[in-house]
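**Student:** First the structure, which I've put down as structure tokens, then a few questions once you've had a look.
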Amino acid sequence: MSRLFVVGISWRTAPVAIRERLAFREDEIEGALDTLRGGAEVAEAMLISTCNRVEVYGVARDEPHAAIGEVRDRLVQSRGLDDREVSDALYHHAGDQAVRHVFRVASALDSLVLGEAQILGQLKGAYGVATHKGASGPLLGRCLERAFGVAKRVRTETTIARGAANVSSVAVELAARVFGDLTGRTVLVVGAGKMSTLAARHLRRAGVEEILVTNRSPERAERLADEIDGVARPWDRLEELLATADVVISSTGAREPILTRPLLKRVAKARRWRSMMIVDIAVPRDAEPAVGDLDGVYLFDIDDLEKVVAQNLADRARAAEDASRIVEVEATHFEQWMHGQRVVPTIRAMREHFTAIAEAEAQKTIDALHHKPMTPEQRDDAVRRLAQLVVNKLLHRPQTVLRESGAGDADRLVESAVRLFDLDPSAFQPEAVKVDRIDKANAEALAATAEAGDATTAPVATAPPAPIVAEAGKRGS
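Under this note's numbering, the letters of the sequence shown match residues 56 to 532, in that order.
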């Protein structure tokens with residue numbers, strides 16, 4: 056089994072009340088790595104701590120299950136917890152399953168929001184800390200680097216990352232449908248709801264040039280404007296602000312609609328009916344449904360946004376099947392590489408051993424050629440003797456082991472020899488098998504002879520085939 060392992064807790068196994076007790080701040084990670092590698096079992100380690108998971112990826116010095124137990128204990132103790140509090144939530148993987156888990160995490164197949172992009176950046180950050188600290192080594196590094204490559208392949212070859220997966224980011228997707236390029240557009244945030252704030256941030260990253268904020272409370276408007284790099288504007292200028300906005304995000308918490316049809320009709324006319332998008336995230340709604348009937352006005356409420364999210368997530372779930380196949384193929388390739396690494400020392404030792412034998416015998420032949428005049432025929436014989444000597448030396452130990460092995464070991468060793476040296480199994484069948492084949496051939500010959508004679512009077516041969524062979528030998532002598 057590979058020495059790679061994973062120990063962790065995630066949104067799948069524990070609520071946030073448990074996860075937050077195991078979480079690590081960014082400035083605690085390096086100290087935690089020292090703790091995790093302070094025992095006798097862990098050779099390499101990295102720690103990732105996000106709102107949805109806390110996981111240790113590591114390489115054991117020897118057997119992975121001993122390292123898993125050590126990491127589990129140190130992880131729990133470092134947070135001052137009792138193992139009984141988190142034992143049901145903690146999970147672990149070793150060997151091939153650890154590789155699959157890391158690849159799935161990097162590809163966002165294990166994320167709360169399927170296909171989300173943040174986890175890959177978080178993994179790269181955690182790996183960077185481990186590398187800087189000297190906690191990551193060649194095997195863990197190879198695994199993480201391959202995981203990043205797998206994640207890139209998944210995002211390139213599937214649609215798992217397409218389409219917004221939360222209400223706040225759907226605003227960008229819908230705005231892109233309405234306007235195409237968002238560069239240079241103006242956004243007006245009405246109210247100070249959390250989702251409207253997040254939506255404004257997404258739009259800013261998408262290229263929106265100006266974000267205006269208005270609220271009944273000037274202080275809250277100023278505070279929100281600072282958070283999203285916007286500009287606060289007075290509430291009593293709402294109609295004027297609406298007329299300048301391409302995208303309106305509204306979330307006021309008012310009991311009655313503030314974006315009425317008459318108001319928006321005046322605004323649309325002032326805009327000369329240029330396209331305008333209103334994203335109403337408020338519950339109760341800030342905009343009257345009839346606003347959406349106006350020319351040039353595109354109205355989306357919370358239900359519309361959630362329908363888009365649901366459709367996008369359904370599309371991602373279908374794409375996840377393709378992504379899982381990619382992960383499986385890549386994990387299999389990596390496992391083959393890991394298993395190959397286990398025999399590298401043996402291959403190296405064999406090569407050194409065989410080379411030493413060949414060089415020693417070659418040197419003897421070279422010395423003989425230099426110190427004794429030889430005819431061309433004698434030189435040819437010397438080279439042939441050299442080849443035979445090397446063969447004899449190389450086969451001496453294998454021959455001895457085969458001859459001295461018991462029946463069960465002999466079968467196993469013969470099978471290994473066939474595979475290692477690409478031998479023809481039929482060339483060295485046991486003698487009993489050869490006799491069986493001769494006996495069968497003799498029986499078939501006897502039957503053919505009987506058929507050639509009088510089938511009604513020919514006696515049926517009941518004697519064993521072996522004497523027939525002997526008798527035939529006498530007749531032929």
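C-beta atoms are modelled at their ideal positions from N, C-alpha and C, and glycine is treated no differently.
From which residue to which residue does the beta strand (DSSP E) around Asp356 run?
**Tutor:** Taken as a continuous stretch (DSSP letters only), the beta strand (DSSP E) holding Asp356 covers 352-356.
**Student:** List, from N- to C-terminal side, the beta strand (DSSP E) runs of 3 residues or more that fit wholly inside the stretch 179-261.
**Tutor:** The stretch 179-261 contains these whole beta strand (DSSP E) runs: 241-246.
**Student:** What is the rounded straight-line gap between the Cα of Val363 and the Cα of Ala372?
**Tutor:** Spanning the two alpha carbons is a distance of roughly 14 Å.
**Student:** Rounded to the nearest angstrom, what separates Arg246 and Glu294 at their Cα positions?
**Tutor:** What sits at residue 246 in the sequence shown is Gly, not Arg. Looking at the two C-alpha atoms, the distance is approximately 14 Å.
**Student:** Would you mind sorting Gly183 into buried or exposed? The rule is 16 or more other CB atoms within 10 Å of its CB.
**Tutor:** When all chains shown are included, Gly183 counts as exposed.
**Student:** Assign Asp165 to one of two classes, buried (16 or more other C-beta atoms within 10 Å of its C-beta) or exposed (fewer than that).
**Tutor:** Classification for Asp165: buried.
**Student:** State the beta-bridge partners of Arg288 as determined by DSSP.
**Tutor:** Paired residue(s): Thr269.
**Student:** Determine the closest residue to Tyr353 out of Ile333, Val114, Arg467, Val338, with distance taken between C-alpha atoms.
**Tutor:** Closest by alpha carbon: Ile333.
**Student:** Comparing alpha-carbon positions, which option in Asn367, Ala161, Val131, Asp356 lies nearest Gly218?
**Tutor:** When only C-alpha atoms are compared, the closest one is Asn367.
**Student:** Please name the residue in Met250, Gly461, Pro289 whose C-alpha comes closest to that of Thr269.
**Tutor:** For Thr269, the nearest C-alpha among the options comes from Pro289.
**Student:** Enumerate in chain order the residues of its own chain whose CB-to-CB distance from Ala413 is below 6 Å, with the five nearest sequence positions on each side excluded.
**Tutor:** Cβ neighbours of Ala413 beyond the five flanking positions: Val445.
**Student:** Tell me which same chain residues have a C-beta within less than 7 Å of the C-beta of Leu441, skipping the five on either side of it?
**Tutor:** So the qualifying residues of the chain are Glu416, Ala417, Thr420.
**Student:** Does the beta-carbon distance from Phe60 to Ala144 come in below 7 Å?
**Tutor:** Not in contact: Phe60 and Ala144 (Cβ atoms no closer than 7 Å).
**Student:** Can you grab the Cα-Cα spacing for the pair Asp466 / Arg406, in whole Å?
**Tutor:** Going from the Cα of Asp466 to the Cα of Arg406 covers about 26 Å.
**Student:** Is it a yes or a no for the stretch 276-292 touching the stretch 314-332, going by three-plus beta-carbon pairs under 8 Å?
**Tutor:** They do not touch, by the three-pair rule.
**Student:** Are Glu81 and Glu125 close, meaning C-beta to C-beta below 7 Å?
**Tutor:** No.
**Student:** So Thr299 and Glu264 are in contact, right, with Cβ under 8 Å, and what is the actual spacing, rounded?
**Tutor:** Going by Cβ atoms, the distance from Thr299 to Glu264 rounds to 12 Å, so no, they are not a contact pair.
**Student:** Residues in its own chain within less than 6 Å of Pro119 by CB, not counting five upstream and five downstream?
**Tutor:** If we look at Pro119 and ignore the five residues flanking it on each side, its Cβ neighbours are Arg58, Phe60, Ala149.
**Student:** Cα separation between Asp335 and Leu243?
**Tutor:** Spanning the two alpha carbons is a distance of roughly 12 Å.
**Student:** Helix, strand or coil, according to DSSP, for Asp509 in the structure here?
**Tutor:** Unreliable positioning characterises Asp509 in this predicted model, as indicated by a pLDDT of 49, which lies under 50. A coordinate reading is not provided.
**Student:** With respect to the beta strand (DSSP E) encompassing Asp335, which residues constitute its N-terminal and C-terminal limits?
**Tutor:** That run of the beta strand (DSSP E) goes 331-335.
**Student:** Count the other CB atoms, across all protein chains shown, that sit within 10 Å of the CB of Met429; report buried if there are 16 or more and exposed otherwise.
**Tutor:** Exposed.
**Student:** Give the secondary structure of Arg108 by DSSP, where H, G and I count as helix, E and B as strand, and everything else as coil.
**Tutor:** Residue state, collapsed to three classes: strand.
**Student:** Could you pull the DSSP bridge partners for Gly63 from this structure?
**Tutor:** Partner(s): Glu110, Tyr146.
**Student:** What's the gap between the Cα of Phe377 and the Cα of Glu311?
**Tutor:** This sequence places Asp at residue 377; Phe is not what is there. Each residue's alpha carbon lies about 47 Å from the other.
**Student:** If you draw a straight line from the C-alpha of Arg271 to the C-alpha of Leu318, how long is it?
**Tutor:** Their Cα atoms are separated by approximately 18 Å.
**Student:** Would Arg9 be called buried (16 or more neighbouring beta carbons within 10 Å of its own) or exposed?
**Tutor:** This structure gives no information on residue 9, because the portion of the chain shown stretches from 56 to 532.
**Student:** Compute the Euclidean distance between the alpha carbons of Pro339 and Ser104, then round it to the nearest angstrom.
**Tutor:** Using only the alpha carbons, I get a separation of about 37 Å.
**Student:** Going along the chain, which residues of its own chain have a beta-carbon closer than 6 Å to the beta-carbon of Ala181, five neighbours each way excluded?
**Tutor:** The answer, listed in chain order, is Met101, Ile103.
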